[in-house]
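Chemist:
Residue numbers (the numbering used here): 1241 to 1515.
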């Protein structure tokens, strides 16, 4: 159910820069006093997610994906989602770049993305409206609700039914060709960053799994970095150290015995960490 997705399989909104703000404009915002403290308070007022420069971050074991660090716990999988990947002759994904991390816990999934944001104002208020409008245009439904991280967006999103599954759904749904998938959008504005979480699966109905997902989200640490970036630009994700070491080791072994080199984009445990 949860796996690495190619670009044409991404169901969520891609938050690429859509305005004319420049890096120079962002740098000028950084000179205004008081704005960083206001955003940091908004980010941690509910106990996280946390900024990497915060004074007191809870000591939780985490795996580092560059843009953010995600908690590690028993039964959790971390999967990197790839965009612009292609398939080789054997059907393995090659090329592309990482655009999101999906945390799988039980029968629930939490997709994570972090973006650059203005220092003096957040993005979540305007992005909620944009996401809601996009879902409405796709004949879906949305509703705002208050949650542990502030205002969030609950949605029913139309999803195409694969041909092989049409005989497993009611005839009227199979005939229309799509069903409805519930989705919960979480958003937190931090100092010069915005973190979005998309919740799917059992956590939408099971309070226990919902609390587990919320605990993961609350304990994420975002590393914005100092480089100037335009608002809405995706913060760069990277393989964690353990996965990079495994890549190097398998590449060496492949070279010694004549086997195939390690492919980090091949579906499997190479970039999926299970704890």
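Note that CB positions come from ideal geometry on N, CA and C, so glycine has one too.
These figures come from a predicted structure and were not determined experimentally.
#1: Cutting at 7 angstroms between CB atoms, please list the residues of its own chain near residue 1385, excluding the five before and the five after it.
#2: Just to confirm, are residue 1352 and residue 1437 a CB contact at a threshold of 7 angstroms?
#3: Taking its Cβ as the centre, do 16 or more other Cβ atoms sit within 10 Å of residue 1309, making it buried, or is it exposed?
#4: Exposed or buried, residue 1311, counting other C-beta atoms within 10 Å across all chains shown (16 or more means buried)?
#5: Looking at residue 1354: is its Cβ nearer than 7 angstroms to the Cβ of residue 1479?
#6: Using alpha carbons as the reference points, say which of 1366, 1445, 1425 lies closest to residue 1471.
#7: Does residue 1336 have its Cβ less than 7 angstroms from a Cβ in chain E?
#8: Going by C-alpha distance, which of 1370, 1473, 1388 is nearest residue 1382?
#9: Just checking, does the segment 1444-1454 make contact with the segment 1408-1420 on the three C-beta pairs under 8 angstroms criterion?
#10: Using 8 angstroms for Cβ pairs, my map puts residue 1423 next to residue 1462. What's the rounded Cβ distance?
#11: Could you check whether residue 1316 and residue 1345 sit closer than 7 angstroms to each other, using their CB atoms as the reference points?
Modeler: With the structure as the only source:
#1: The residue given as residue 1385 occupies position 145 in the chain shown. Closer than 7 angstroms at Cβ, skipping near neighbours: 1392, 1394.
#2: Walking along the chain shown from the start, residue 1352 turns up at place 112. Walking along the chain shown from the start, residue 1437 turns up at place 197. Result yes, Cβ atoms of residue 1352 and residue 1437 sit closer than 7 angstroms.
#3: Along the chain shown, read from residue 1 onward, the residue named residue 1309 stands at position 69. So residue 1309 counts as buried.
#4: Indexing the chain shown from 1 puts residue 1311 at position 71. Buried: at least 16 other Cβ atoms inside 10 Å.
#5: Along the chain shown, read from residue 1 onward, the residue named residue 1354 stands at position 114. Along the chain shown, read from residue 1 onward, the residue named residue 1479 stands at position 239. No, the pair does not count as a contact, with Cβ atoms beyond the cut-off.
#6: For this step, residue 1471 is matched to residue 231 along the chain shown. The candidate whose alpha carbon is nearest that of residue 1471 is 1366.
#7: Annotation note: the requested chain E is absent from the structure, which comprises a single protein chain.
#8: Residue mapping note: residue 1382 aligns to position 142 of the chain shown, counting from 1. With distances taken between Cα atoms, residue 1382 lies closest to 1370.
#9: Using a C-beta cut-off of 8 angstroms, the segment 1444-1454 makes no contact with the segment 1408-1420, since fewer than three inter-stretch Cβ pairs fall below that distance.
#10: Residue mapping note: residue 1423 aligns to position 183 of the chain shown, counting from 1. Residue mapping note: residue 1462 aligns to position 222 of the chain shown, counting from 1. Wrong, their Cβ atoms sit about 22 angstroms apart, outside the cutoff.
#11: For the purposes of this step, residue 1345 is taken as the residue at position 105 of the chain shown. For the purposes of this step, residue 1316 is taken as the residue at position 76 of the chain shown. It is a contact, given that the beta carbons lie within the stated cut-off.
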